[in-house]
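What follows is one structure encoded as C-alpha cells, with my remarks underneath.
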Ligand SMILES: [Zn+2]
C-alpha cells in the first residue's frame, strides 16, 4: 500500500468508526470513546522531549497515558486520539505493542509510518470531513475561519489549519514557522493549481520583506499572541508566474516562538475571465504543432 493511500485509509477508518457509533456532531470526545472500550485514560507530566503519549497493554486490558507538559486541551485530545488510532487501526496493536508498551511521538513530527497513520486517524476522528466542511463553510476563508472551527472541534489551531488546507475549495496556504524559519507549508488543491510555484521548504527562512518575516523577528510580540494582516501579491510568498492579490494573516502561538500564517486568494483557481484567456492560449499552443506538421 502506498504511503498516501494508507494515510487516507487511516483518516477514513476514523470517519467510518464515528458513523458506526452514530457520532455526527462536533466536538468528538476521544475520552468517551476510550471509556466505551474500557480503556483507562490518564494524564501524566512527560519529561522526555517529543513524547505525546503512550498505549499500554496487559493481557486484554488497554490503557492510554497522555502527556500533560503541553497544557493545551487540543494537544491532549489529539494525543489520546493518536493512541486510539493504534488501538483501532488494523495491524497496529500487533506491531506497536510487541513489548506491551508503545511510546508515541505524535504530531506529524516523525517519518514512522505507524506514527503517521495514528496521526491521520486522530485527524479523521476529531475533524471528520463532513461536519468539518459544514463548519468551515459558515465562515469567510482565512485565519478567523480556522480559529472558529478549532473552537468547535476543540483542536489546536495548527492541526485545524492543516485540515482546513486539505478540505477547502479556496486557494489557501498554511505555513508554520519557528523563529523565522519554515517548519512546513501546506497548499490547498486550488493553490496548487498555480503554475511554477516555488515550494517553501522546511528550514528555509520566511520570505524577506513580508509582514510575517518582520513580525517573527519580534519574539515578544509572537509570545504575546499578537497578529498581523497584510495584502500582498502571491509571488512574494510562493513565486510562480501568476500575479494575484492574496491576504496574509499571521498569529503568534505563544512561548514556543511559533507563528501560524494563512494566505488566502479568492481569485486563484476560480473560474474567471483571465483564466479563460490563459486556457485559450494553452489550447492554441497545444494545437499549433499539429497545424505545422
Ligand atoms: Zn504512536
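Numbering (this note's numbering), first residue to last: 73 to 365. For every residue, glycine included, the Cβ atom is placed at its ideal position computed from N, Cα and C. Just so we're clear, the structure is a prediction, and the values are computed from it rather than from any experiment.
What whole-angstrom Cβ distance do residue 134 and residue 125 have, given they're in contact under 8 Å?
Residue 134 to residue 125, Cβ: 13 Å. No contact.
Do residue 150 and residue 194 count as a contact pair if the criterion is CB distance below 8 Å?
Yes; because the gap between Cβ atoms is below 8 Å, this pair is in contact.
Cβ of residue 207 within 8 Å of Cβ of residue 161?
No; because the gap between Cβ atoms is not below 8 Å, this pair is not in contact.
Measure the Cβ-Cβ separation of residue 237 and residue 260 and say whether it is below 8 Å.
With contacts defined by Cβ atoms closer than 8 Å, residue 237 and residue 260 form a contacting pair.
Could you give the DSSP three-state label for residue 263: helix, strand or coil?
Of the three classes helix, strand and coil, the one that applies to residue 263 here is helix, per DSSP.
Can you say whether residue 117 is buried or exposed, counting buried as having 16 or more other CB atoms within 10 angstroms of its CB?
Under a 10 Å Cβ-count criterion, residue 117 is classified as exposed, with fewer than 16 other Cβ atoms of the shown protein chains found around its own Cβ.
With a cut-off of 8 Å, do at least 3 Cβ pairs link the stretch 273–289 to the stretch 302–320?
The stretch 273–289 makes contact with the stretch 302–320: 3 or more CB pairs, one atom from each, lie closer than 8 Å.
If you draw a straight line from the alpha carbon of residue 218 to that of residue 200, how long is it in whole angstroms?
Between the alpha carbons of residue 218 and residue 200 lies a gap of roughly 15 Å.
According to DSSP, simplified to helix, strand and coil, what is residue 274?
Per DSSP, reduced to three states, the secondary structure at residue 274 is coil, with no helix or strand assignment.
Reduced DSSP secondary structure (H/G/I, E/B, other) of residue 85:
Judged by DSSP in its simplified three-state form, residue 85 adopts helix.
Just to confirm the assignment, what range does the alpha helix (DSSP H) spanning residue 155 have?
Start and end: 145–160.
Take residue 115 as the anchor and find which of 143, 158, 93 has the nearest alpha-carbon.
Selected option, being the one with the closest Cα: 143.
Does the beta carbon of residue 158 fall short of 7 Å from some heavy atom of ligand 1?
Checking every heavy atom of ligand 1 against the Cβ of residue 158, one is found closer than 7 Å.
I need the DSSP call for residue 328, collapsed to helix, strand or coil.
Residue state, collapsed to three classes: coil.
Quick check on this structure: which residue in 141, 152, 145, 80 has the alpha carbon closest to the alpha carbon of residue 106?
Check the Cα spacing between residue 106 and each of 141, 152, 145, 80: the tightest is with 152.
To which residues of the same chain is residue 112 closer than 6 Å at the C-beta, ignoring the five residues directly before and after it?
Apart from sequence neighbours up to five positions away, the residues of its chain that approach residue 112 with a beta-carbon distance below 6 Å are 135, ordered along the chain.
Three-way DSSP call (helix, strand, coil) for residue 247 in this model
Note: residue 247 maps to strand in three-state DSSP.
Cutting at 6 Å between CB atoms, please list the residues of its own chain near residue 333, excluding the five before and the five after it.
Residues 247, 284, 322 of the same chain have their beta carbon placed closer than 6 Å to that of residue 333, with the five preceding and five following residues left out of the count.
Using the Cα positions of residue 132 and residue 175, report the straight-line distance between them to the nearest angstrom.
Rounded to the nearest angstrom, the gap between the Cα atoms of residue 132 and residue 175 is 18 Å.
Would you say residue 99 and residue 225 are within 8 Å of each other, going by their C-beta atoms?
Yes, the pair counts as a contact, with Cβ atoms nearer than the cut-off.
Among 184, 129, 140, the one whose alpha carbon lies nearest that of residue 121:
Measuring from the Cα of residue 121, the nearest candidate turns out to be 140.
Compare the C-alpha of residue 329 against each of 340, 297, 228 and name the closest.
Ranking the options by Cα distance to residue 329, first place goes to 297.
Residue 315 versus 258, 263, 287, 212, residue with shortest Cα-Cα distance:
Distances from the CA of residue 315 to each of 258, 263, 287, 212 were compared; the closest alpha carbon is that of 263.
Return the CA-CA distance between residue 109 and residue 221, expressed in angstroms with no decimal places.
Cα to Cα, the separation comes out at about 28 Å.
What residues match up with residue 133 in a beta bridge as DSSP calls it?
Note: residue 133 sits in a beta bridge opposite 130.
Residue 303 classed as buried or exposed, judged by whether at least 16 other C-beta atoms fall within 10 angstroms:
With fewer than 16 other Cβ atoms within 10 Å, it is exposed.
Please state if the CB of residue 172 and the CB of residue 129 are separated by a distance shorter than 8 Å.
Pairing residue 129 with residue 172 gives a Cβ-Cβ distance under 8 Å.
Residue of 256, 257, 255, 324 minimising C-alpha distance to residue 287:
Per the Cα distances, 324.
Tell me whether residue 154, by its Cβ, gets closer than 7 Å to a heavy atom of ligand 1.
Residue 154: yes, Cβ under 7 Å from ligand 1.
From residue 185 to residue 77, what does the alpha carbon distance come to, in whole angstroms?
When only Cα atoms are considered, residue 185 and residue 77 end up about 12 Å apart.
Runs of alpha helix (DSSP H) wholly within the stretch 163–213 (minimum 4 residues, chain order):
You should have 164–168, 185–198, 201–208.
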